[in-house]
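Residue numbers (our numbering): 122 to 329. Note that the Cβ used here is the ideal one computed from N, Cα and C, for glycine as well. Predicted, not measured: the structure shown is a model, and the values here were computed from it.
What follows is the structure, given as structure tokens:
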């Protein structure tokens, strides 16, 4: 029994060490980030973030992390793929989806998405949709956070398909994984262009 306990302890420690190595590598890769600069950058939006957090039951740290990673706190940021504002909302994708969810016709205008309040509201509502509907069933809170981050930038369907075309089966597979195996699986998968983004958001999240 003592020998079996020793083996179990060694395996457990190896798992913990691997998980710690993931976090250590993330910190090393994004050492240019620091808490002071992040807080200064998003300071003007704290009130809006707090309100959206309460409204949609999404943790403030996650909203802040995505804002900083997506736009560095610039409300007028616009990508080549027409992602707009603080949370880089695409009018015809996340914007359209949230409009439909709220019973609105059409999609948000570019001008609306340049408005920090509207942008943060739509972005946080989209995170809520991802977690409370699209990824519903994922048990581990940290894996849920990682899955949300990847889904935010790639879309939930694309994310789940790397595990299975069947949503329920995909969720079941994810629930069978450790944090380490999940992270490695997502990072190595060629159809998901989010490994660096995921690492960056995690680093920001751990700083604030």
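- Query: In the structure shown, what three-state DSSP assignment does residue 211 receive?
  - Reply: Position 90 of the chain shown, counting from 1, holds the residue named residue 211. Coil.
- Query: Is it right to say residue 252 is buried, meaning 16 or more other beta carbons lie within 10 angstroms of its own, or is it exposed?
  - Reply: By one-based count along the chain shown, residue 252 stands at place 131. Residue 252 is buried by the Cβ-count criterion.
- Figure out for me which residue from 220, 176, 186, 258 has the closest Cα to the Cα of residue 320. On the chain shown, residue 320 is found 199 positions in, with the first residue counted as 1. Ranking the options by Cα distance to residue 320, first place goes to 186.
- Message: How far does the alpha helix (DSSP H) with residue 192 in it extend, from its first residue to its last?
- Response: The residue given as residue 192 occupies position 71 in the chain shown. Residue 192 -> alpha helix (DSSP H) spans 181-192.
- Item | Between the CA atoms of residue 284 and residue 290 - distance to the nearest angstrom | Mapped onto the chain shown, residue 290 falls at position 169. Mapped onto the chain shown, residue 284 falls at position 163. So the alpha carbons of these two residues sit roughly 8 Å apart.
- Message: Can you find the residues in the same chain that come closer than 6 Å, C-beta to C-beta, to residue 217, ignoring five residues on each side of it along the sequence?
- Response: Looking up residue 217 in the chain shown gives position 96. Here the set comprises 228.
- Message: Here's the rule I'm using: 16 or more other beta-carbon atoms within 10 Å means buried, otherwise exposed. How should residue 230 be labelled?
- Response: In the chain shown, the residue the question calls residue 230 occupies position 109. Its Cβ having fewer than 16 others within 10 Å, residue 230 is exposed.
- Task: Please report the Cβ distance between residue 181 and residue 170, rounded to the nearest whole angstrom; I am assuming they are in contact, meaning their Cβ atoms lie under 8 Å.
- Result: As a working mapping, residue 181 is identified with position 60 in the chain shown. As a working mapping, residue 170 is identified with position 49 in the chain shown. The beta-carbon separation of residue 181 and residue 170, rounded to 6 Å, stays under the 8 Å limit for a contact.
- Task: Would you kindly check if the distance between the Cβ of residue 166 and the Cβ of residue 237 is under 7 Å?
- Result: By 1-based counting over the chain shown, the position of residue 237 is 116. By 1-based counting over the chain shown, the position of residue 166 is 45. Yes. Within cutoff.
- Query: Where are the beta strand (DSSP E) runs, 3 residues long or more, that stay fully inside the stretch 232-302, in chain order?
  - Reply: none
- Between residue 301 and residue 225, what straight-line distance do the alpha-carbon atoms span, to the nearest angstrom? In the chain shown, counting from the first residue as 1, residue 301 sits at position 180. In the chain shown, counting from the first residue as 1, residue 225 sits at position 104. Going by the C-alpha atoms only, they are around 41 Å apart.
- Task: Give the single residue among 159, 172, 176, 173 whose Cα lies nearest to the Cα of residue 195.
- Result: Along the chain shown, read from residue 1 onward, the residue named residue 195 stands at position 74. For the residues 159, 172, 176, 173, the minimum Cα distance to residue 195 belongs to 159.
- Task: For residue 221, count neighbouring C-beta atoms within 10 Å of its own C-beta (all shown protein chains included) and say buried if the count is 16 or more, exposed if not.
- Result: As a first step, residue 221 is located in the chain shown; it is residue number 100 there, counting from the start. So residue 221 counts as exposed.
- Query: How about residue 62 and residue 234: do their beta carbons lie closer than 7 Å?
  - Reply: Only positions 122 to 329 of the chain appear in the structure, and residue 62 is not among them; the question remains open.
- Message: By the three-class DSSP mapping on this structure, what secondary structure does residue 225 have?
- Response: The residue given as residue 225 occupies position 104 in the chain shown. DSSP places residue 225 in coil when its eight states are reduced to three.
- If we ignore side chains and look at the alpha-carbon of each, how far apart do residue 292 and residue 299 end up? The residue you call residue 292 lines up with position 171 of the chain shown. The residue you call residue 299 lines up with position 178 of the chain shown. In a straight line, the C-alpha of residue 292 is about 13 Å away from that of residue 299.
- Task: Could you give the DSSP three-state label for residue 199: helix, strand or coil?
- Result: Taking the first residue of the chain shown as 1, we reach residue 199 at position 78. Strand.
- Message: If I measure Cβ to Cβ from residue 199 and keep anything under 7 Å in the same chain, skipping five residues before and after, which residues do I get?
- Response: For the purposes of this step, residue 199 is taken as the residue at position 78 of the chain shown. Taking residue 199 as the centre and dropping the five residues before and after it, the same chain places the C-beta of 205 closer than 7 Å to its C-beta, in chain order.
- Select from 308, 202, 294, 190 the residue whose C-alpha is nearest the C-alpha of residue 154. Sequence index remark: in the chain shown, residue 154 carries index 33 (1-based). Minimum Cα-Cα distance from residue 154 among the listed residues 308, 202, 294, 190 corresponds to 190.
- Just confirm the distance between the C-beta atoms of residue 256 and residue 272, as a whole number of angstroms; I'd bet it's less than 8 Å. On the chain shown, position 135 is the one that residue 256 refers to. On the chain shown, position 151 is the one that residue 272 refers to. 7 Å between Cβ atoms; contact.
- Who are the Cβ neighbours of residue 325 in its own chain at under 7 Å, not counting the five residues just before and after it? Within the chain shown, residue 325 is the residue found at index 204, counting from 1. Closer than 7 Å at Cβ, skipping near neighbours: 154, 159, 186, 189, 190.
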